[in-house]
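Have a look at the structure below before the remarks.
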Amino acid sequence: MQTGDGLLARIRVERRTLTPVQLAALSQLAITHGNGLLEISARGNLQARGLRPETAPHFARAVTDLVPLETGLVVDTSPLAGNDPLEKADTRPLVAAICHGALPLQDKLGPKVSVVVDGGGQIALTAIKADVRLLALDATHWAVHLGGGKPQVMDAEAAVSATLALLAALAALGPAARANDLFPKASVAMACPSPANGPGWGAAMLKTRSGHARPITLPFSQMHGSALIALADAAEAAGVATLRLAPAHRLLLDNAPDSLVESALSLGFITDPADARLRASACIGSEGCASGHIAARSIAGRLSAMIPANQHLHVSGCAKGCAHPQPSDITLVGREDGIGLVIKGRAGDTPQHILDEAGLVPALAARQDAR
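In our numbering, the protein residues as written are 1 to 371.
Take a look at the structure:
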């Protein structure tokens, strides 16, 4: 995809699982063939920025040789699926059945059509948009949301059948179709009405059937490849064999010792679940997007400490609001005439005030004083 800083490549790593050696090699490829910036997306995919037309094919071939990749229909599940002692059901059989059943449809479905299968464990997927959402209620029953509509309770076999039926209907309509075309009163973009995090997803350590996993976060989704190489080398030295790409721009370090988490902190990763930067979302803005009017991540980094722990700040380079499509307590939007301030809304909403960059801190301070 063309962006303001070159071509962006999204890498769907199979099972979202990497070894330290693979992460280091991917990071070196991003440095060699792009601008070295890597992101973990909201869905847990790896993205490399700054590729060029002459380097992108070499990057693609090297990545394909290095790691197994997922293709076809996007079916999101927890990176701890099958290894989470708190999950209500193992999602992997349903994911496999849906992916297999959708094979004849994949050339007829639009690239943004997606399914979420949430086992109800420590890593909830409620913030991820989906055309179909399956949420485990217990070991045998699933709440099935079609197009963001009201859930229907089904057993596993019926849940798979309902999912494939909806996908077949979308395929019949053509690659531009989404679930809200079939359910016009529902919205694919609606978040599932349950807590944004499962039990423990805001904790410094997650339980697994094989020990534990330590989550670390890429600040505003992005790090330079050199930091990821250093992290991979530290993980290898610490005997950590598995790194998991996770939703919300995170990496999970399987059975990581405290020393590895301390190394991650020194490299610039977020290791504290109370870090103020986790209260903010921001796109790359004018630093890497032709549509961006402001350096969104730089602004978010400066202002996040002013946001109360129970609120969310969204800084968007433009009105598209790519980093956080849902409403936020405070949204700052880059515009040609300044920075729009939206309260309890989305980036595309009409702002209550138009500010310049110097007016941001006073405006947020005044809002907090008024609370």
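The C-beta atom is built at its ideal place from N, Cα and C for all residues, glycine as well.
Less than 6 angstroms between C-beta atoms, sequence neighbours within five positions excluded: which residues of the same chain meet that for residue i?
i	result
Ile299	Val315
Ala237	none
Val261	Arg214, Thr271
Leu18	Leu243
Pro175	Gly110
Asp84	Gly121, Gln122
Val95	Val75, Thr77, Val117
Looking only at C-alpha atoms, which of the options sits nearest to residue i?
i	options	result
Gln2	Ala305, Ala56, Leu341, Thr32	Ala56
Gly225	Gly301, Leu66, Gly34	Gly34
Leu166	Gly317, Val153, Asn180, Ala156	Asn180
Leu97	Ser161, Gln152, Leu146, Ile128	According to the sequence displayed, residue 97 carries Ala and not Leu. Answer by Cα proximity: Ser161.
Ala156	Gly149, Ala282, Ala143	Ala143
Leu51	Ser41, Gly44, Ala323, Leu29	Leu29
Trp201	Arg49, Gly317, Pro247	Pro247
Met82	Lys207, Lys129, Gly239	Before going further, note that residue 82 is Gly rather than Met in the sequence given. If we check each option's Cα against that of Gly82, Lys207 comes out closest.
Arg250	Ser78, Ala60, Thr32, Gly36	Ser78
Cys318	Gly338, Ala309, Ala230, Pro104	Gly338
Arg178	Leu278, Glu54, Pro111, Gly321	Pro111
Gln368	Gly334, Pro308, Ala358	Pro308
Ala276	Asn310, Glu54, Ala172	Asn310
Ala127	Ala42, Glu336, Pro85	Ala42
Ala347	Gly359, Ala323, Glu357, Asp76	Ala323
Arg209	Ala171, Val95, Ala172, Leu80	Leu80
Gln22	Ala235, Glu357, Ala172, Leu278	Ala235
Asp76	Gly301, Lys129, Glu54	Lys129
Leu170	Val115, Gly6, Leu252	Val115
Here's the rule I'm using: 16 or more other beta-carbon atoms within 10 Å means buried, otherwise exposed. How should residue i be labelled?
i	result
Ala124	buried
Pro93	exposed
Thr350	exposed
Ser194	In this prediction, Ser194 has a pLDDT of 38, which is less than 50 and means its spatial position is unreliable; what the coordinates show is noted afterwards. Exposed.
Glu39	buried
Ser259	exposed
Thr217	buried
Val153	exposed
Ala27	In the sequence on display, residue 27 carries Ser and not Ala. By the neighbour-count rule (16 or more Cβ atoms within 10 Å), Ser27 is buried.
Asp107	exposed
Arg10	exposed
Ala282	buried
Pro20	buried
Asp65	exposed
Arg297	buried
Thr163	buried
Lys150	exposed
Pro219	buried
Leu360	buried
Thr32	exposed
Leu8	buried
Could you round the C-beta distance between residue i and residue j to whole angstroms and report it? I think they count as a contact, below 8 angstroms.
i	j	result
Gly268	Met306	So it is not a contact: roughly 21 angstroms between Cβ atoms.
Thr91	Val117	4 angstroms
Asp131	Val113	5 angstroms
Cys99	Leu73	6 angstroms
Ile294	Ser304	Not confirmed; about 15 angstroms, so no contact.
Gly211	Phe183	42 angstroms between Cβ atoms; not a contact.
Ala290	Gly4	4 angstroms
Val240	Ala227	Contact flag wrong, Cβ pair sits at about 16 angstroms.
Ala24	Asp233	7 angstroms
Ala280	Leu313	4 angstroms
Leu105	Ala158	So it is not a contact: roughly 19 angstroms between Cβ atoms.
Arg16	Gly36	That pair is no contact at about 22 angstroms.
Please go through the same chain and pick out, in chain order, the residues whose beta-carbon is closer than 7 angstroms to the beta-carbon of residue i, but skip the five residues on each side of it.
i	result
Val375	Past the boundaries of the shown model lies residue 375; the chain is included only from 1 to 371, so the question cannot be answered.
Ser344	Position check: residue 344 holds Lys in this sequence, whereas Ser was assumed. For Lys344, where only same-chain residues beyond five positions count, the Cβ hits under 7 angstroms are Pro327, Asp329.
Leu278	Thr217, Ile270
What residues in its chain sit with their C-beta under 8 angstroms from that of residue i, if we drop five residues either side in the sequence?
i	result
Ala363	Leu341, His353, Leu355
Lys88	Gly119, Gly120, Gly121, Ala136, Leu137, Asp138, Ala139
Ala230	Ser263, Leu267
Leu103	Gly72
Gly292	Gly4, Cys283, Ile284, Gly285, Ser286, Gly317, Cys318, Gly334
Give a single yes or no on whether residue i has its beta carbon closer than 7 angstroms to a heavy atom of the ligand GTP.
i	result
Ala232	What this structure holds is no ligand at all, so the ligand GTP is not there to describe.
Inside the region 282-337 only - alpha helix (DSSP H) runs reaching at least 4 residues: Qualifying alpha helix (DSSP H) stretches, in chain order: 296-303.
Entirely enclosed alpha helix (DSSP H) segments - the region 75-119, minimum 4 residues: Fully enclosed alpha helix (DSSP H) runs of 4 or longer: 92-101.
Runs of beta strand (DSSP E) wholly within the region 114-174 (minimum 3 residues, chain order): Every beta strand (DSSP E) of 3 residues or more that sits fully in the region 114-174 is shown, in chain order, as 114-118, 132-136, 141-146, 152-155.
Whole runs of the alpha helix (DSSP H) within the region 209-271, excluding any shorter than 4 residues: Counting whole runs of 4 or more residues, the region 209-271 contains the alpha helix (DSSP H) stretches 225-237, 258-266.
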